[in-house]
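Below: the structure, in structure tokens.
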Amino acid sequence: PPRDSEDEDGLYVVEYDPQQARQWKGIFKKLLGSEDADGKLSYSKVWEAGERLSYTRWDARKIYTSFAGLTGIGNNLFMINSSFANGSNPLLDSAAILGIADRNDRVGFIRWLCGKNEYNEEGGVEIHKLWDICNSGLVKVGAPSAPVFDPLYAAFRDTYKNRNKLIYVQSNAGMLHAFDDKTGDEKFAFIPPNVLLNGRLSGLRRADGSNAYSRSAASYSRYLLDGPVTVEDVEIGGQYKTLLLGQLGLG
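Numbering (my numbering), first residue to last: -17 to 233.
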């Protein structure tokens, strides 16, 4: 299990709850171990990410993507739920990216993907927002700590010595999630462009062999992001950066 000096015996546990004609529910827990006088080790829950997500409204989540022509913060990062007004969201104003013909369906799809109970799947305003984590890698990223003896790296290490620890893990919502290691809160999520395109992401609402968009409660679980994740500090253009690489797996 992932460990560090501040949370010895920390353990991260991933489970999922299969659903019939629905998205499988993801469960992601951080546990801490303690030892009693007899040397018996037990674990207690620190947080569960799906539970923590239930306290964040679907329209308050920070879910980004990147695609040629999109504009936003930090180069071409674009927040998918930033606006639903005409002319303000390229994902909604053209069928070309999501591959969903009707604009109303594109709006409904983005709302549903963010966690809104758009299709009356469950009681209440929202659905379970963390979808299944299956075969994904998991990495913890905090302050730079590689044994690199380079003045450039020393400066990089000093600049980011107080960087908050985040846990990165992928789910079959097509998202790379960044969770705060202390609280379990989702800081942001990212949908890679090669998951977004060619109807792959919108296939969550299409039955096998069909192009018809499902406006009912039924949806279809897919392998979208279920591959390994790795992180390294690398020198690029004369400065160090922390780079994360993830693979799609079966997606």
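Yeah, the Cβ is synthetic: ideal placement off N, Cα and C, and Gly gets one too. Since we're looking at a predicted model, the values are computed, not measured.
Straight through space, the alpha carbons of Asn99 and Asn71 are spaced by roughly 21 Å.
When secondary structure is reduced to three states using DSSP, Tyr37 falls in the coil class, being assigned neither helix nor strand.
For Phe60, the three-state secondary structure derived from DSSP is strand. Contact annotation: Leu183 and Gly97 have beta-carbon atoms that are not nearer than 9 Å. Two segments are said to touch when three or more pairs of C-beta atoms, one from each, lie closer than 8 Å; by this definition the segment 30 to 48 touches the segment 165 to 174.
As a beta-bridge residue in DSSP terms, Glu217 pairs with Tyr222. Asp75 is positioned such that its CB atom lies no closer than 9 Å to that of Ser203. Judged by DSSP in its simplified three-state form, Phe49 adopts coil rather than helix or strand. In the displayed model, Ala171 falls within a strand according to three-state DSSP. Put simply, the backbone Cα of Ile149 is about 19 Å away from that of Ser26. Within the same chain, Cβ atoms closer than 6 Å to the Cβ of Ser48 are found at Asn58, Leu59, Pro175, the five residues on either side in sequence being excluded. The beta carbons of Leu120 and Tyr(-6) sit closer together than 9 Å. Taking a contact to require three or more Cβ pairs closer than 8 Å, the segment 122 to 134 and the segment 215 to 223 qualify as touching. Cβ-Cβ distances below 7 Å link Cys116 to Tyr(-2), Asn154, Asp208 in the same chain, with the five nearest sequence neighbours on each side left out; the list follows chain order.
Between Gly231 and Arg139, the alpha-carbon positions lie close to 32 Å from each other. Comparing alpha carbon positions, the residue from Gly32, Val213, Ala125 closest to Thr141 is Ala125. Per DSSP, reduced to three states, the secondary structure at Phe66 is coil, with no helix or strand assignment.
The Cβ neighbour count for Asp20, taken over all protein chains shown within 10 Å, is under 16; the residue is labelled exposed. When the Cα atoms are used, Ile79 and Leu179 turn out to be separated by approximately 6 Å.
Listed in chain order, the non-local C-beta contacts of Ile82 below 7 Å within the same chain comprise Arg88, Phe91, Ser184, Tyr195, local neighbours out to five positions each way being set aside. Setting aside the 5 residues that flank it on each side, Gly8 is surrounded in the same chain by Tyr(-2), Gly32, Leu112, Trp113, Asp114, Ile115, Ser153, each with a C-beta closer than 7 Å to its C-beta; the list follows chain order. Take Met61, set aside five residues on each side of it, and the residues of its chain with a beta-carbon closer than 7 Å to its own are Lys44, Ile45, Tyr46, Gly54, in chain order.
The DSSP-derived three-state label of Ser26 is strand.
Under DSSP, the beta-bridge partners assigned to Gln152 are Leu158. Straight through space, the alpha carbons of Trp40 and Ala67 are spaced by roughly 17 Å. Shown here, Trp113 sits in a strand according to DSSP, grouped into three states. For His110, the closest alpha carbon among the candidates Ala137, Arg93, Ser16 is that of Arg93.
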